[in-house]
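Taking it in order: structure first as structure tokens, then the write-up.
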Amino acid sequence: MRVLPSERVMASATQGTGNQGTPVPDSKLELPPVISRAEVVAFALVCLLVIVVVAVLYLARAFFLPTTMAFIVGTMLSPAASFLERYRIPRALGAVLIVVAVGAAVAFLVGLIAAPAMEWGSRLPELGATLREKMHVFDRPLQLWQELQSMVGGSETLASFQLPKFEWVQPTLEFLSPTFAEFLLFVATLILFIASWKDLRRALVLTFGDRTARLRTLRILNEIEIHLGNYLLTVTMINVGVGIVTGVICAATGMPNPAGLGALAATLNFIPIIGPVAMFAVLVVVGVISFPTIGGGLVAAACFAVATFLEGHFVTPTIVGRRLALNALAVFLALAFWTWLWGPMGAFLSSPLLIVALIVKEHLMPVNSPQLPED
């Protein structure tokens, strides 16, 4: 009988140690990490909590939207109240003065925008007919498209250019304008928040018993106040510049009411992405209606597009990007989410809320980024 070499080795090892065999080495392979049931349950509970919070914020937006707006705007304006305190102006009086000054500035912008808007609103049928006449230049392309559809067997639905109906104007205005109760809640909360911000911050810090937690909370609150104040100041200056440039463009190209269009551009530019696009559409419509030719009516819109491109790609990243490095995808997703949740006011709050979330995340969940291996 032929003996294999492996059997010889095992036999010799057995003879050397008597009847006791050598233990077999552990040959278990490394198994991948297994997700435990507790982790699945914890993840499911977190998802349910997020869904419940979003549902509550959506259903109770009449309360949460004005109060959140007051907290964010109040945090932005708190440095101004602290500045007035240095000149021995009581913080409560300073809060009232700041809110009145901001309200006067907003009322001035609304006055510049409201007068031409009301005038154009009263002339909607006439303006619609004028725009329809100007759009006859597209009859030939629409006819070619109709012939192409008939060749491929499509339905002939574009017989002529049709303007959208203006039935959306009143629901849109009702959606954009808050109720009196929401406005009153916002103003009262804003004044009280600015007046008592120092006491609120002290109470939040003293809530924690641990010294480390207190220092962390103090750093978070200080960074939120500084970053939001810088954000409001820089973005306001940039938007005022955009409004001035837009007004100059409209005046140079002969557009009607350049001051109102400039104020509208400055106001809409507070809303990222959506604001400049909406302003471009407004300039296109106003230009096409006001000028005898379509080419002449598009000059102001084209100049505005160039100005906003330079502002969005060079001016704003240079000024804001050094202080607040926000990822473009994160800004877009935050804008989409808060606009869906709270409408235009949510779009205005999207960037400040993203800044607050990033600051809290950096302090509560610090990440030690490892060094990437060299290629």
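Residue 1 is where the sequence shown starts when you use my numbering, and the numbers rise one by one after that. Just so it is clear, CB atoms sit at the ideal spot from N, CA and C, and this is done for glycine as well.
Spatial distance of residue i from residue j (CA atoms)
i	j	result
Ala107	Ala115	12 Å
Ile355	Met255	38 Å
Tyr87	Ile98	14 Å
Ile273	Ala281	13 Å
Asp199	Thr67	18 Å
Asp400	Thr217	Residue numbering for the chain in the displayed model covers 1 to 375; residue 400 lies beyond these limits and cannot be assessed.
Thr236	Leu310	17 Å
Ile89	Ser78	14 Å
Ala251	Ala301	13 Å
Val40	Ala60	30 Å
Val306	Thr316	14 Å
Ile220	Ala203	14 Å
Ala44	Arg37	11 Å
Ile238	Asn269	9 Å
Leu228	Val360	13 Å
Presumed contact (8 Å Cβ cut-off) between residue i and residue j, rounded CB distance
i	j	result
Thr246	Leu233	Not a contact, Cβ separation roughly 21 Å.
Ile271	Ala188	Actually they are not in contact, since the Cβ atoms of Ile271 and Ala188 sit about 25 Å apart, beyond 8 Å.
Thr75	Glu225	6 Å
Ala195	Arg91	5 Å
Val242	Ala278	Val242 to Ala278, Cβ: 13 Å. No contact.
Trp338	Leu349	6 Å
Arg201	Phe208	That pair is no contact at about 13 Å.
Continuous alpha helix (DSSP H) stretch holding residue i: start and end
i	result
Pro352	328–364
Thr217	211–253
Phe63	61–85
Thr189	180–195
Phe314	Note, Phe314: premise wrong, no alpha helix (DSSP H); not H, not E.
Leu261	258–268
Close-in-space but distant-in-sequence residues of the same chain around residue i (CB under 6 Å, 5 per side omitted)
i	result
Ala101	none
Gly297	Gly287, Val288, Phe291
Thr308	Pro276
Pro366	none
Ala70	Phe186, Thr189, Leu190, Phe193
Ile113	Gly260, Ala263, Leu264
Val299	Thr253
is_contact[residue i, chain B] using C-beta, thresh 8 Å
i	result
Leu109	No chain B appears in the structure shown, which is made up of a single protein chain.
Residue i burial status per 10 Å Cβ neighbour count (16 or more: buried)
i	result
Pro352	buried
Val313	Sequence check: residue 313 is His here, not Val. Its Cβ having fewer than 16 others within 10 Å, His313 is exposed.
Ala357	exposed
Asn222	exposed
His363	exposed
Arg323	Below a pLDDT of 50, predicted positions are generally treated as unreliable, and Arg323, at 48, falls in that range; the measurement from the model is reported next regardless. It is exposed - the Cβ of Arg323 has fewer than 16 other Cβ atoms within 10 Å.
Residues of its chain near residue i, where Cβ-Cβ distance is below 7 Å and the 5 sequence neighbours each way are ignored
i	result
Thr179	none
Ile191	Ala95, Val96, Val99
Tyr58	Leu341
Residues near residue i in its chain [Cβ-Cβ closer than 8 Å; skip 5 each side]
i	result
Ala81	Arg91, Gly94, Ala95, Ile98, Ile194, Ala195, Trp197
Leu109	Ala263, Ala266, Thr267
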